[in-house]
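If you want it as structure tokens, here you go:
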């Protein structure tokens, strides 16, 4: 009943034009109502307050938050992510929370880059910031997950904290595994993080491309070298064209 109440609130903001735009942009057969993220956030916060959800024990709140991932609409999954970000991630042992999130992937509830990356940037990144290296290592171990979206998290969770050199080796180790996978969104995760690392130390990116160049897609390479000088880009493009 609690979940249905929030879903009904979101239904009232459905917009067919935004729905069609989102579904065309995201792909992966993801269903949308066409509700924008600021509205989802506002409705979630009002619902949480009006239903006095803070009175539920943390386990009940966590069960409720994770139940939104079971739903078909992306907005429901975003609501679950925001629930975790706003009210739970810093109140629950990170190892337990990560084990519960693993089950979300195992059940196939995350199947597009948008929901995956939102989970990374709204929840997993904050978990790493709050709990440090030990938490980072647990998330990095997802790099061998069969589910490509869970494996993608092992890299994307480090966006915007990759400037902290303590995590560089973990990122590179995960990159080395993901770049060998055939799935497009494994490789694009690698390109994203290499692009960000290049802002700090381009030599790290050059060394990685030299070692794993045969596994790069064109899309991944171009993202990785986005901030390189034109002459350096030409040299690196030659590596994957051999």
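In the working numbering, the protein residues as written are 1 to 242.
All C-beta atoms, glycine included, are put in the ideal place defined by N, C-alpha and C.
Beta-carbon proximity list for residue i, same chain, < 8 Å, skipping 5 on both sides
| i | result |
| --- | --- |
| residue 20 | 34 |
Coarse secondary structure for residue i, derived from DSSP in three states
| i | result |
| --- | --- |
| residue 235 | helix |
| residue 25 | helix |
| residue 52 | coil |
| residue 94 | helix |
Contact set for residue i: own chain, Cβ-Cβ below 7 Å, skip 5 residues either direction
| i | result |
| --- | --- |
| residue 157 | 120, 124, 125, 128, 139 |
| residue 166 | 133 |
| residue 87 | 48, 61 |
| residue 113 | 185 |
| residue 67 | 3 |
| residue 40 | 10, 75, 78, 79, 82 |
| residue 200 | 163 |
| residue 239 | 209, 210, 213 |
Where residue i falls, given that 16 or more other Cβ within 10 Å makes a residue buried
| i | result |
| --- | --- |
| residue 65 | buried |
| residue 143 | buried |
| residue 174 | buried |
Cα-Cα separation, residue i to residue j
| i | j | result |
| --- | --- | --- |
| residue 177 | residue 198 | 19 Å |
| residue 159 | residue 190 | 11 Å |
| residue 214 | residue 237 | 11 Å |
Distance CB(residue i)-CB(residue j) smaller than 8 Å
| i | j | result |
| --- | --- | --- |
| residue 220 | residue 168 | no |
| residue 32 | residue 46 | no |
| residue 148 | residue 122 | no |
| residue 194 | residue 154 | no |
Own chain, CB closer than 6 Å to residue i, minus 5 neighbours either side, in chain order
| i | result |
| --- | --- |
| residue 172 | none |
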